[in-house]
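Protein sequences appear in the order of chains A and B.
What the first sequence shows, in numbering that gives the first Met the number 0, is residues 0 to 913, in sequence order.
What the second sequence shows, in numbering that gives the first Met the number 0, is residues 0 to 913, in sequence order.
Protein chains: 2
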Amino acid sequence: MAKKYVYSFGGGKADGNESMKNLLGGKGANLAEMAGHKDLRLPVPPGFTLTTEVCTYYYENKRTYPKTLKEEVQKALEKVEKLMERKFGDPVNPLLVSVRSGARKSMPGMMETVLNVGLTEKTISGLVKQSGGNGRFVYDAYRRLIMMYSDVVMEKAAGIEPKDSESGIRKQLERVMDAMKEQKGYKSDIDLTETDLKVLCGQFKVKIKEVLGKEFPDDHMQQLWGGIGAVFASWNGKRAISYRRIEGIPDAWGTAVNVQTMVFGNMGSDSATGVAFSRNPGNGENGFYGEYLINAQGEDVVAGIRTPGPINEYSKSENNKDHVTLEKTMPEIYKQLCDFRTRLEKHYRDMQDIEFTIEKGRLFMLQCRVGKRNGPAAVRIAMDMVKEKLIKKEEAVMRVTPSQMDELLHPIIDPKAEAANKPLAKGLPAGPGGANGQIVFSAFDAVEQKKQGKNLILVREETNPEDVEGMRAAEAILTARGGMTSHAALVARGWGKCCIVGCASLHIDYDKKTLSVDGKTFKEGDWLTLNGTKGTVYAGKLPMMDASEENRILNDFLKICGSVKKLGIRTNADTPEDAQKALQFGAEGIGLFRTEHMFYGKNSDQALFLLRKMIVSKTKEEREKALNELFPFVKKDIKGTLQAMDGFPVVIRLLDPPLHEFVPRDAEKLQMLAQELNISMEELALRADGLHESNPMMGHRGVRLGITYPEVSSMQIRAILEAAAELLKEGKKPYPEVMIPVVCDVKELNDQLAIAKGIYAEVLKKYGLKKIKHMFGTMIEIPRAAVLADRLAETAQFFSFGTNDLTQMGFGFSRDDIGGFLPDYISKGILPEDPFQSIDQEGIGELIKMGIQRGRKTNKTLEVGICGEHGGEPRSVEFCHRIGMNYVSCSPFRVPIAKLAAAQAALKDGKKKK
Amino acid sequence: MAKKYVYSFGGGKADGNESMKNLLGGKGANLAEMAGHKDLRLPVPPGFTLTTEVCTYYYENKRTYPKTLKEEVQKALEKVEKLMERKFGDPVNPLLVSVRSGARKSMPGMMETVLNVGLTEKTISGLVKQSGGNGRFVYDAYRRLIMMYSDVVMEKAAGIEPKDSESGIRKQLERVMDAMKEQKGYKSDIDLTETDLKVLCGQFKVKIKEVLGKEFPDDHMQQLWGGIGAVFASWNGKRAISYRRIEGIPDAWGTAVNVQTMVFGNMGSDSATGVAFSRNPGNGENGFYGEYLINAQGEDVVAGIRTPGPINEYSKSENNKDHVTLEKTMPEIYKQLCDFRTRLEKHYRDMQDIEFTIEKGRLFMLQCRVGKRNGPAAVRIAMDMVKEKLIKKEEAVMRVTPSQMDELLHPIIDPKAEAANKPLAKGLPAGPGGANGQIVFSAFDAVEQKKQGKNLILVREETNPEDVEGMRAAEAILTARGGMTSHAALVARGWGKCCIVGCASLHIDYDKKTLSVDGKTFKEGDWLTLNGTKGTVYAGKLPMMDASEENRILNDFLKICGSVKKLGIRTNADTPEDAQKALQFGAEGIGLFRTEHMFYGKNSDQALFLLRKMIVSKTKEEREKALNELFPFVKKDIKGTLQAMDGFPVVIRLLDPPLHEFVPRDAEKLQMLAQELNISMEELALRADGLHESNPMMGHRGVRLGITYPEVSSMQIRAILEAAAELLKEGKKPYPEVMIPVVCDVKELNDQLAIAKGIYAEVLKKYGLKKIKHMFGTMIEIPRAAVLADRLAETAQFFSFGTNDLTQMGFGFSRDDIGGFLPDYISKGILPEDPFQSIDQEGIGELIKMGIQRGRKTNKTLEVGICGEHGGEPRSVEFCHRIGMNYVSCSPFRVPIAKLAAAQAALKDGKKKK
């Protein structure tokens with residue numbers, strides 16, 4: 000038997016089905032499924048699909064077709080004619096068809112389409128009759144066919160290259176039409192009358208002959224084969240090829256061609272067109288939600304010239320509440336549509352986006368596909384479908400994307416409003432979500448004006464620890480300088496607060512209290528709106544959407560994720576409040592408590608002063624004195640967090656940043672410090688200067704401080720163990736993990752462990768305890784540490800990968816300085832994306848894998864986690880799962896996202912293993 | 000047969016030999032060899048060795064000895080008595096012995112010794128008789144025995160711990176002796192008379208009884224066994240244990256004990272003691288060189304109280320030219336000694352350091368070992384011995400250490416003068432060798448004063464490209480700030496010029512033209528002396544030694560090294576002059592030509608100006624204009640170097656450092672630049688400011704510049720290829736290798752290769768050539784590049800490891816900032832040494848190995864080299880050989896050292912393979 004090249008669909012039957020995407024393309028398979036599956040049998044306009052094998056044959060045989068193709072097409076066409084009771088090329092009752100591409104994977108807009116094929120001088124009168132005498136409609140269809148066909152088939156597919164962008168046939172025909180409109184004084188295409196269009200069609204044909212040297216083919220079969228050939232040719236068009244390169248679609252796949260009956264929703268008041276969602280895509284409610292337009296084509300709905308009406312009461316909104324519903328105007332059709340909705344959902348087991356057309360009282364289903372939805376809707380639909388037993392719990396987990404989850408966790412700018420406004424400026428997206436507020440230029444003013452109940456945006460050159468109260472008071476923070484590791488960025492991310500940093504085009508004048516950007520000037524009290532997820536700033540007050548309220552459904556959904564995931568999810572939290580919040584989101588411990596952040600926090604003035612005193616100390620005596628004064632503050636802070644996380648592990652990192660970061664810049668604070676230390680301002684300046692470094696990121700920080708000033712480590716370790724001891728005495732179950740940062744050699748760990756052991760013995764004795772449950776481990780953030788992980792694991796009980804620094808050192812990219820070149824790297828495709836956003840799996844990931852593998856070789860019980868910001872990024876979380884980490888840790892606000900990503904990773908992994 | 004525990008030597012015979020070091024210890028085996036080997040049979044004082052197995056037995060059996068030991072010792076003692084014709088403990092003609100340790104590996108000063116064992120109240124008179132009636136000599140020997148024995152045997156070996164450092168028995172006896180001296184008004188021990196010493200011995204015995212509660216044993220056999228026990232016990236003394244920990248000597252080895260006849264060089268005018276070298280250790284001449292003292296003990300020669308005489312005319316110097324030679328006073332003995340010298344050299348096949356004693360006209364050889372020598376001597380001796388057929392060429396290569404080689408290549412401070420002076424200050428050793436000169440504070444003054452023929456030291460806070468002429472004019476450069484990668488350090492190292500940077504204790508006042516340090520003030524014209532190899536600064540003009548003159552012997556030696564080594568040796572050179580110099584030293588190409596250094600060089604003013612113009616350009620147009628003007632300078636420079644290296648490969652690295660490094664600081668230069676660009680000073684400041692980075696080492700540099708400004712790469716690649724094309728036309732054989740720096744991804748290489756390919760085609764066409772021999776490759780200096788080396792090698796034809804940056808990123812150590820913590824890391828033993836000096840083989844080396852292995856996996860013909868400064872460091876060179884690199888590259892002055900190290904590595908490797 001000869002190979003079958005053409006697959007028919009329609010009339011409750013189909014040769015193919017959904018599973019035949021490779022052969023029929025996505026669209027062809029979908030049409031066959033809708034038309035032929037026993038549970039559906041929907042009234043799709045009948046038609047047939049030329050398989051992708053025809054395309055392959057076409058390119059392998061010098062653009063010719065298999066011998067049997069013509070006959071198969073003819074037979075398929077006859078089936079359609081029978082179903083539609085019309086005949087292709089018939090003057091009395093003509094059948095019109097569309098010719099469309101359809102590859103295995105959707106390539107939107109990359110290939111060609113021809114509509115209204117079969118309309119000729121001969122068949123025009125028949126179509127006029129079918130349309131109930133609507134001559135204008137018919138001539139408009141005809142001029143569209145001529146324009147499309149001459150462009151797509153006669154010029155492009157024929158390989159004719161216009162001299163320039165203005166001399167293509169389409170442009171030339173448009174100019175003919177514009178001339179007619181100008182001559183008649185028309186403003187819009189709609190003003191063209193039947194007569195005008197008739198004249199235009201004639202002018203078009205003359206122009207085509209003149210430009211392309213060929214006649215427009217007024218034969219229906221020639222039109223059909225011309226269309227088919229144009230679609231196959233467009234598979235190797237420039238746009239399609241470059242799209243395939245980017246998306247990694249193989250050239251060999253080829254496209255199918257779908258030939259399908261044209262149906263018209265604009266054949267009068269008994270015709271209509273519409274789109275609908277089987278559930279509400281805005282909130283996920285199980286309501287049938289859609290719009291329709293009487294006497295219109297699909298493109299009219301999209302164009303937005305006429306306001307569509309609601310299909311039912313449920314779909315009514317402010318804009319369309321006065322329109323009559325489809326349910327009322329065409330109750331029978333609506334009933335049919337409802338029935339189809341039910342069948343589709345049952346069959347596809349997901350919310351569907353449906354396109355339909357009613358031609359002279361007859362309902363046709365044009366397309367159905369999985370409907371797009373926002374975050375709240377995605378969660379609700381998934382959970383409802385579990386309840387309705389449409390899907391299993393595991394499937395529900397896969398139905399929500401991490402970015403949809405993110406939408407639930409922060410207020411966002413209303414997407415419509417955002418799309419309608421041009422950004423004023425762009426900076427680095429340092430804190431998520433959106434916010435609007437009135438400009439304020441100092442932390443002090445922010446605190447004061449907040450008391451008046453204002454929404455505020457704190458605008459600064461950059462921030463420092465003295466600004467913390469003002470930062471808390473503001474809705475969002477905007478800085479002109481600083482990178483993703485600047486003070487503002489770190490603090491805001493920790494709080495989950497909207498923040499944009501390094502917005503270089505801002506010019507701030509603190510004296511005049513003005514902000515100039517892009518030629519505009521804003522003063523204090525003016526409104527700005529920020530999108531901290533994208534880094535865009537807008538002038539004025541854009542409306543917000545709040546999706547973050549307490550949500551029972553979300554919690555249920557997260558419970559399912561929790562039961563499926565394998566990875567532990569911890570949080571990066573530096574205060575008891577953060578810890579509380581993270582627990583609510585389902586965190587299972589703290590993966591990163593940054594000692595230094597206590598000096599940025601609420602009421603941290605005195606502690607910060609003592610820290611500074613320690614930092615500018617010159618002798619060991621001065622330093623120890625300051626440390627002794629600092630000790631109770633540190634212990635209290637740690638105790639609070641251990642208590643909040645009772646029973647869960649808390650990884651406490653010893654002091655990490657270079658000390659000079661804490662030196663005050665404010666003259667008054669410097670004066671106080673000099674007085675306290677009883678030294679001159681010159682001496683203080685000299686000491687502060689001595690802390691300056693050329694490349695602080697690779698300087699005197701982390702464990703290097705602990706090696707040169709063992710007393711600094713001692714104080715911190717004592718604070719941790721005493722805090723735990725006191726909680727134990729109070730009947731709590733503290734579980735600290737002491738983490739040493741910036742380690743590159745096991746001997747650094749051994750040195751610090753010796754200190755820790757001494758203090759542990761002292762604390763046990765002091766509190767009369769036998770044991771304090773704790774661990775001692777290290778961050779892996781220096782490339783050498785990953786390479787020598789086997790040695791480190793001889794001492795360390797746990798590893799936590801600090802992927803921010805590991806990415807910095809591994810790439811040699813200073814995160815604060817990548818602004819100069821990373822945009823070019825991404826636009827030129829040298830890097831697929833910012834490696835600080837998603838782990839570079841190929842390079843840095845290789846170092847991480849090496850670290851885990853080598854570490855577990857010498858220490859079978861090694862606990863492995865990640866505490867870089869990648870810990871809350873979905874693809875990175877999946878990577879962490881795949882390479883066998885025990886947990887990921889991320890900011891409290893990203894815990895749900897990490898949980899979802901971990902659950903999805905576990906499910907994908909399970910699938911693969913089967 | 001029972002195990003043999005005691006090995007005798009003496010009288011032309013010995014039970015053991017040199018090969019039995021494990022059993023007899025180093026000293027015991029050496030004595031056996033000297034005494035018993037048929038080619039030697041030297042008159043060593045007879046004695047015997049208790050083996051290391053006795054020590055092992057001792058510790059395994061609760062500090063007891065094997066049963067047979069006593070009898071073996073007795074028999075060995077009898078042999079000695081027979082040879083010396085004296086009897087141990089005999090009142091008439093007593094034998095005295097020394098008891099000394101001797102482990103497998105020398106542990107100098109870590110274990111105990113007891114001398115004069117066998118001297119008792121009973122034997123005193125016999126010794127007086129032997130010494131020709133010298134009672135003072137005998138009682139002095141007796142009081143020494145008492146002091147030593149009570150300390151070593153009765154206190155230490157008995158495990159008695161004194162309360163404090165003042166209450167040990169030795170200190171107490173010293174106080175008794177001091178009291179005697181004070182009472183008599185003596186200044187020195189020498190003033191004590193025979194009677195005094197006799198009284199003192201009595202007082203000592205009383206004190207010992209009082210403090211230790213035991214009598215001093217006046218029995219010869221008890222003394223002997225006490226001494227033996229004390230030596231074994233000292234193997235587990237605190238000092239010895241900690242020394243073993245540091246040196247990695249296993250505890251299980253144990254020590255041997257050597258019991259040997261005491262011979263005295265201080266028994267009158269027919270006695271003497273001396274040391275000699277079988278060749279001159281100062282210059283390597285084949286002359287017998289030594290000193291001796293009549294009527295003295297070995298310690299007197301060392302103490303320097305009396306000036307020793309020369310053994311022969313050859314050994315005469317300014318200090319001792321008036322002394323009578325040994326050759327004259329004791330011609331027979333001298334002849335004997337000359338005979339021994341010949342036998343020793345023939346036997347040991349190396350220059351020997353000999354200790355001898357003449358006791359009453361009888362010559363004893365106490366010790367011989369390989370003699371220490373300086374660099375010139377090492378080379379000369381090795382080459383002479385090859386000529387004399389004493390050693391093979393390959394052995395000659397192993398006889399010179401790289402640091403000895405270094406001595407030949409730079410002037411150095413006279414070591415005696417240096418030892419006698421305290422350093423004034425210490426900085427980082429940035430350029431090798433020594434220099435003295437008069438202080439000058441500006442580059443301009445340096446150039447001017449050089450014209451007056453002065454030796455100058457240029458002293459600056461730090462240097463910048465504008466100082467280059469002055470830096471050339473000075474003998475050495477001294478800066479208060481900057482690290483090992485600072486401008487001064489880079490330039491000086493490239494020139495092989497003495498330089499110290501980051502000498503923080505200097506306070507420079509440019510206005511007053513003074514330099515204050517450590518409370519002293521120096522003005523312009525004052526003399527300083529610098530040791531750039533150590534980083535030490537001395538006040539005043541210290542004498543210099545110049546070992547760097549043209550040296551035929553050195554060249555012959557290097558030829559041998561060249562014939563043995565496997566590694567290629569290239570040089571880092573940036574000018575035709577440097578290239579010439581390196582060729583003289585035997586370089587086989589250039590491994591690193593740094594484009595940017597041409598802007599630091601001679602007559603670089605205009606080029607630097609144009610570079611700056613390019614750097615502060617804002618638009619592509621501005622930038623291309625500057626690049627076009629710059630092009631001829633760059634081409635000329637590259638052409639000169641390619642020409643100098645004709646036929647050899649020249650690796651040319653494209654612009655590497657962050658651009659802001661080149662921005663001028665000088666107001667006048669800034670003004671010129673603003674004028675040229677026709678912009679305001681404010682605008683210029685703004686542009687310069689925009690180039691500032693937080694961590695420039697990980698910022699916008701290297702290939703990142705080439706990605707963002709492709710025109711910068713284009714200009715450089717065009718300059719390289721056109722320079723080569725012109726040379727080809729001139730009949731030369733240029734061979735450039737284009738090297739892309741700071742690469743982390745193969746796509747960066749592909750991007751730059753595409754540029755290079757386009758330009759290559761253009762240049763071929765322009766010059767009508769078919770081919771220009773060249774390579775395209777990359778530096779591996781970013782950890783990610785090492786990890787993804789397999790990908791990089793798909794594009795790169797060569798790798799050159801930039802180990803400076805790889806060490807920085809791999810450790811996360813900014814080389815400019817390690818001053819804050821590295822000293823503590825080294826003093827605490829966390830790192831064995833500065834990883835910027837010698838490659839960290841364990842960590843960074845692992846990354847390098849990974850890079851080579853992965854790179855060669857995808858590219859079998861990949862050329863691999865190293866161009867970091869480690870390329871001239873001997874252990875790093877050996878490492879590079881071992882892991883299979885093709886070549887190392889280092890500064891011209893280190894080429895000979897690298898060559899030697901490479902030859903030694905090849906020989907060691909060959910040995911291992913056998």
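By construction, the Cβ of each residue, glycine as well, lies at the ideal position given by its N, Cα and C atoms.
Continuous beta strand (DSSP E) assignments of at least 3 residues falling wholly in the segment 745 to 805 of chain B: 774 to 779 and 797 to 800
Indicate whether at least one CB of chain B lies closer than 7 Å to the CB of ASP218/A. Here the question's residue 218/A lines up with position 219 in the first sequence. Interface flag for ASP218/A against chain B is unset, since no Cβ pair is found closer than 7 Å.
Residue burial classification, GLU154/B (beta-carbon count within 10 angstroms, cutoff 16): Here residue 154/B is taken as the residue at index 155 of the second sequence, counted from 1. Under this definition GLU154/B is a buried residue.
Measuring CB to CB, does MET382/A end up less than 7 Å from ASP250/A? Taking the first sequence and counting its residues from 1, the one referred to as residue 382/A is at position 383. Taking the first sequence and counting its residues from 1, the one referred to as residue 250/A is at position 251. The answer is no: Cβ separation not under 7 Å.
What is the rounded straight-line gap between the Cα of ASN133/B and the Cα of THR192/B? Here residue 133/B refers to the residue found at position 134 of the second sequence. Here residue 192/B refers to the residue found at position 193 of the second sequence. Those two C-alpha atoms are separated by around 11 Å.
What residue does the alpha helix (DSSP H) around PHE632/A start on, and which one ends it? Here residue 632/A is taken as the residue at index 633 of the first sequence, counted from 1. For PHE632/A, the uninterrupted alpha helix (DSSP H) run begins and ends at 619 to 643, by DSSP.
Since ALA376/B contacts PRO464/B with CB under 8 Å, what's their CB separation in whole angstroms? For the purposes of this step, residue 376/B is identified with residue 377 of the second sequence, where counting begins at 1. For the purposes of this step, residue 464/B is identified with residue 465 of the second sequence, where counting begins at 1. 42 Å between Cβ atoms; not a contact.
Taking only beta-carbon atoms, is PRO782/A less than 7 Å away from chain C? Any reference to chain C falls outside this structure, whose protein chains are A and B.
Member of LEU752/A, ALA900/A, TRP224/A and ASN282/A whose CA lies at the smallest distance from the CA of PRO401/A: Against the first sequence, residue 401/A aligns to sequence position 402. It is ALA900/A whose Cα lies nearest to the Cα of PRO401/A.
Flag GLY689/B as yes when its Cβ comes closer than 6 Å to any non-hydrogen atom of the ligand ZN, and as no otherwise. For the structure depicted, the ligand ZN is absent and the ligand set is empty, with no information on it obtainable.
Report back the beta-carbon spacing between HIS869/A and THR802/A to the nearest angstrom; my notes put them in contact at under 8 Å. Taking the first residue of the first sequence as 1, we reach residue 869/A at position 870. Taking the first residue of the first sequence as 1, we reach residue 802/A at position 803. 5 Å between Cβ atoms; contact.
Could you give the DSSP three-state label for ARG398/A: helix, strand or coil? Taking the first residue of the first sequence as 1, we reach residue 398/A at position 399. Reduced to three states, the DSSP call for ARG398/A is coil.
Report yes or no: do three or more beta-carbon pairs, one from the segment 186 to 206 of chain A and one from the segment 135 to 148 of chain A, lie closer than 8 Å? Touching, per the Cβ criterion.
How is ARG85/B classed by DSSP in three states: helix, strand or coil? Position 86 of the second sequence, counted from the start, is the residue given in the question as residue 85/B. The answer is coil: DSSP assigns ARG85/B none of H, G, I, E or B.
Alpha carbon of ALA673/A to alpha carbon of MET613/A, nearest angstrom: In the first sequence, residue 673/A corresponds to position 674, counting from 1. In the first sequence, residue 613/A corresponds to position 614, counting from 1. So the two alpha carbons sit approximately 12 Å from each other.
Since ALA275/A is in the beta strand (DSSP E), which residue starts that stretch and which ends it? As a position in the first sequence, residue 275/A is number 276, starting the count at 1. Here the beta strand (DSSP E) through ALA275/A covers 271 to 276.
To the nearest angstrom, report how far apart PRO309/B and MET266/B are at their CA atoms. The residue you call residue 309/B lines up with position 310 of the second sequence. The residue you call residue 266/B lines up with position 267 of the second sequence. C-alpha separation (whole angstroms): 20 Å.
For PRO161/B, I'd like the list of residues in its chain whose CB is within less than 7 Å of its CB, leaving aside the five on either flank, ordered along the chain. The residue you call residue 161/B lines up with position 162 of the second sequence. Closer than 7 Å at the Cβ level, and outside the excluded window around PRO161/B, lie GLY167.
Would you list the residues sitting across from TRP526/A in a DSSP beta bridge? Taking the first residue of the first sequence as position 1, residue 526/A is located at position 527. Note: TRP526/A sits in a beta bridge opposite GLN437/A.
ALA723/B classed as buried or exposed, judged by whether at least 16 other C-beta atoms fall within 10 angstroms: Walking along the second sequence from the start, residue 723/B turns up at place 724. Flag for ALA723/B reads buried.
Return the first residue and the last residue of the alpha helix (DSSP H) that GLU193/A is part of. Translated into the one-based positions of the first sequence, residue 193/A becomes position 194. 193 to 211 is the span of the alpha helix (DSSP H), which, as asked, contains GLU193/A.
Give the interface partners of PRO307/A over in chain B, defined as CB-CB distance under 7 Å, in chain order. Locating residue 307/A in the first sequence gives position 308, counting from the first residue. Result: empty, since nearest Cβ-Cβ is about 48 Å, beyond 7 Å.
Under 8 Å from the C-beta of THR478/B: neighbouring residues of chain A: If you number the second sequence from 1, residue 478/B lands on position 479. Counting only Cβ-Cβ distances below 8 Å, THR478/B has no contacts in chain A at all, with the closest Cβ about 14 Å away.
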